[in-house]
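Undergrad:
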Amino acid sequence: MIKIPAKTPNVKQTTKRSAAPPFARHNRQLSTSFLILQELIEMALQQAKMNECKSPGYTCSDEECGTGLVSVFREEVDGEYRILITNGIPDHDYSTGATRPNPNEVCRHPSYMKVPLNPTKGSFTPSGMGPVGIALSGGFFYNHLSTPMGDVAAVVEAESFDSCSGHADPQCRYHYHKVPNCLNPDRPCELVGYMMDGFPVYSYCDVDGVRLTSCYKKVSGDGSMQEHFEYQPDEDCQLDEANGYPFEDGRGYGYVFSENYPFVMRGFMGSNITSICEVY
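Residues 1 to 280 in the UniProt record's numbering are what the sequence shown spells out, letter by letter.
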């Protein structure tokens, strides 16, 4: 992994060496990982600061797909906003170890997300299909659904998850429907990314020695459909409808992956839901 000095102190950026063809602006070939990184970052920051947002339209491309691709990620604070930039390639091994190999390849999806630095809570808003946040690994967060009909992804797609619990969709976008297995087990409640409303996302969390659990209860069926569950909060669970929790240790509100349904965030609790934008 290559670490490149940041221009500002509020930056996290990583790349991984690869012989794969680089991301190029205007079809111009770039020769080094540093230039690949800087090219993408400069384009994304320019678009973010001008509030230019183009809905992701990337599809699978034979020239930018496969394993071992360069991972590009950067986080920067700009005034009252946090900007997350990724090329969609995770910084860990991917597409290996699945019980049933996924037919979808992983491709680059250069994207950015500009979210409030200090988000405020609103009411629960269910999320749609597709990306709902960006992980610090460079991959994307998706919600709990596999299809618009309500199939639960962590159940019906489990065999296609790789060794880090991610996989690609038909648009070749690498994403997670459950907590990534590649996290350091010695770091519980680890920050793993941000949702489109700006609130942070954490891995499994314990509070006062108790694992935070979802309040969705199975009321029918085999648990493979969202209609099999209802939100029923009680003293034995802690997470809200979006799988969020108000931490009292200084972190404030954040989303938490859970070991039980819905496993991941079902929607948003923020009052300002932004978008994930294509870098072009």
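Backbone N, C-alpha and C define an ideal beta-carbon position, used for all residues, glycine too.
Does the beta-carbon distance from Y194 to R82 come in below 9 Å?
TA: Yes, Cβ-Cβ distance for Y194 and R82 is below 9 Å.
Undergrad: Can you give the Cα-Cα distance for V279 and S111, rounded to whole angstroms?
TA: Distance between the alpha carbons of V279 and S111 is about 5 Å.
Undergrad: Between which two residues does the alpha helix (DSSP H) harbouring A158 extend?
TA: A158 -> no alpha helix (DSSP H), and no H or E assigned at all.
Undergrad: Would you tell me roughly how many angstroms separate the C-alpha atoms of S71 and G166, rounded to the nearest one?
TA: Whole-angstrom Cα-Cα distance: 15 Å.
Undergrad: Using CA atoms only, rank isn't needed, just tell me which of C164, T59 and I41 is closest to G93.
TA: The residue asked about is misnamed: residue 93 is Asp in this sequence, not Gly. Answer by Cα proximity: C164.
Undergrad: Using a Cβ-Cβ cutoff of less than 6 Å, which residues in the same chain neighbour M113 once the five nearest sequence positions on both sides are dropped?
TA: Taken in chain order, the residues that qualify are L84, I134 and I276.
Undergrad: Answer yes or no: do S244 and Y253 have a C-beta to C-beta separation smaller than 9 Å?
TA: Strictly speaking, residue 244 in this sequence is Gly, with Ser absent from that position. Closer than 9 Å, so yes.
Undergrad: So, helix, strand or coil for K178, using DSSP?
TA: In the structure shown, K178 sits in coil (DSSP, three-state: anything other than H, G, I, E or B).
Undergrad: Can you check whether the CB of Y174 is closer than 9 Å to the CB of F140?
TA: Cβ distance < 9 Å, so F140 and Y174 count as in contact.
Undergrad: Can you grab the Cα-Cα spacing for the pair D249 / G150, in whole Å?
TA: Roughly 35 Å separates the two Cα atoms.
Undergrad: At which residue ranges does the UniProt domain "YHYH" (113-270) contain complete beta strand (DSSP E) runs of 3 or more residues, listed in the order of the chain?
TA: Listed in chain order, the complete beta strand (DSSP E) runs (minimum 3 residues) inside the UniProt domain "YHYH" (113-270) are 121-126, 133-135, 166-168, 174-176, 191-195, 200-202, 216-218, 229-231, 244-247, 252-256 and 267-270.
Undergrad: Hey, out of R266, N87 and K217, whose CA is closest to E64's CA?
TA: Measuring from the Cα of E64, the nearest candidate turns out to be N87.
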